[in-house]
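Step one of this worksheet: look at the structure below.
Here you go:
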């Protein structure tokens, strides 16, 4: 009797139901949301932890900031607008005043009052967020319904039913995934082009202003 014969004897007694049973026992999580293999539970836990960290940041920022800046709550405005006009957005004194200022700050304010590198960095993330929003919405509107058309997944594998693994290898719907991959690459190239065009515009403006200052 060899080791392979022992393995075959053991594996012949294991059914698909047994695998599903042991898989459920070995799944990680707190058992709050068991559907979709714990993905919603993972998102919920991350949101709770993020909220706790945000509250901790607000407390520590308020606790250890400079006492004079605490009085008017203008640290971010001082950084972005300078102390001369830092109070133009400030009308009250709250823990969340900086959040309001973040939504009211314009790209021109960042460009004129901070370094050019800071503006380019934030601009890059702005275009990146726009691209990710497009990918997310397109995937939810097109890719997800396509994946639900398959029949490869089981009731115990609800998350697998949302992926490309739910489609048959011979399904013509796989072409939608292939075309979508090409579309995402093309959209990414367009986003990079728009970003470079914007940075090129501000670089030209900087050179023009430098020439004017030298002439004066």
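Numbering (my numbering), first residue to last: 627 to 842. Using N, Cα and C, we set each Cβ at its ideal position, and we do this for glycine too.
Just verifying my parser: in three-state terms, what is the DSSP assignment at residue 708?
Residue placement at residue 708 is poorly supported in this model, since its pLDDT is 48, which falls under 50; the coordinates are not used for a value here.
Determine the extent of the alpha helix (DSSP H) in which residue 738 is found, giving its start and end residues.
Note, residue 738: alpha helix (DSSP H), 733-739.
By DSSP, does residue 623 sit in helix, in strand, or in coil?
What the structure shows of the chain is the stretch from 627 to 842, and residue 623 is not part of that stretch, so it cannot be assessed.
Own chain, CB closer than 8 Å to residue 800, minus 5 neighbours either side, in chain order:
Cβ within range, chain order: 790 and 793.
Tell me whether the beta-carbon of residue 662 lies closer than 7 Å to the beta-carbon of residue 822.
In this structure, residue 662 keeps its C-beta atom at 7 Å or more from the C-beta atom of residue 822.
For residue 803, which of 786, 814 and 772 has the nearest alpha-carbon?
Ranking 786, 814 and 772 by Cα distance to residue 803 puts 772 first.
To which residues of the same chain is residue 750 closer than 8 Å at the C-beta, ignoring the five residues directly before and after it?
Excluding the 5 residues flanking it on each side, residue 750 has same chain C-beta neighbours closer than 8 Å at 821, in chain order.
If contacts are defined as beta-carbon pairs under 8 Å, then residue 817 and residue 757 qualify, I think. What distance do you get, rounded to the angstrom?
Right, the Cβ-Cβ distance comes to about 5 Å (below 8 Å), so this counts as a contact.
Have a look at residue 776 and residue 764 and give me their C-alpha separation to the nearest angstrom.
The alpha-carbon atoms of residue 776 and residue 764 are separated by roughly 19 Å.
Give the DSSP-derived three-state secondary structure of residue 777 in the structure shown.
DSSP places residue 777 outside both helix and strand once states are collapsed to three, so it counts as coil.
Might you give, ordered along the chain, the residues of its own chain that have their beta carbon closer than 8 Å to the beta carbon of residue 774, omitting 5 neighbours on each side?
Only 787, 788 and 792 meet the Cβ criterion.
Return the residue from the list 759, 687 and 761 that minimises the CA-CA distance to residue 725.
Cα-wise, what sits closest to residue 725 is 687.
According to DSSP, simplified to helix, strand and coil, what is residue 796?
Correct three-state label for residue 796: coil.
Taking the C-alpha atoms as reference points, what is the distance between residue 770 and residue 666?
A direct Cα-to-Cα measurement between residue 770 and residue 666 gives close to 16 Å.
Considering residue 756, what are the terminal residues of the alpha helix (DSSP H) in which it resides?
Segment 742-764, the alpha helix (DSSP H) holding residue 756.
Quick one: Cα of residue 668 to Cα of residue 819, how far?
Separation of residue 668 and residue 819 (C-alpha to C-alpha, rounded to the nearest whole angstrom) is 36 Å.
Going by beta carbon distance, what residues of the same chain come within less than 7 Å of residue 814, once the five residues before and after it are set aside?
Exclusion of the five residues before and after residue 814 leaves 757 as the residues of its chain whose Cβ lies within less than 7 Å of its Cβ.
Closest to residue 809 by CA distance: which of 760, 796, 824 and 754 is it?
Check the Cα spacing between residue 809 and each of 760, 796, 824 and 754: the tightest is with 760.
Alpha carbon to alpha carbon, how far is residue 676 from residue 689? Give it in angstroms, no decimals.
Cα to Cα, residue 689 sits roughly 20 Å from residue 676.
For residue 743, does the count of other Cβ atoms within 10 angstroms reach 16, so buried, or fall short, so exposed?
With fewer than 16 other Cβ atoms within 10 Å, it is exposed.
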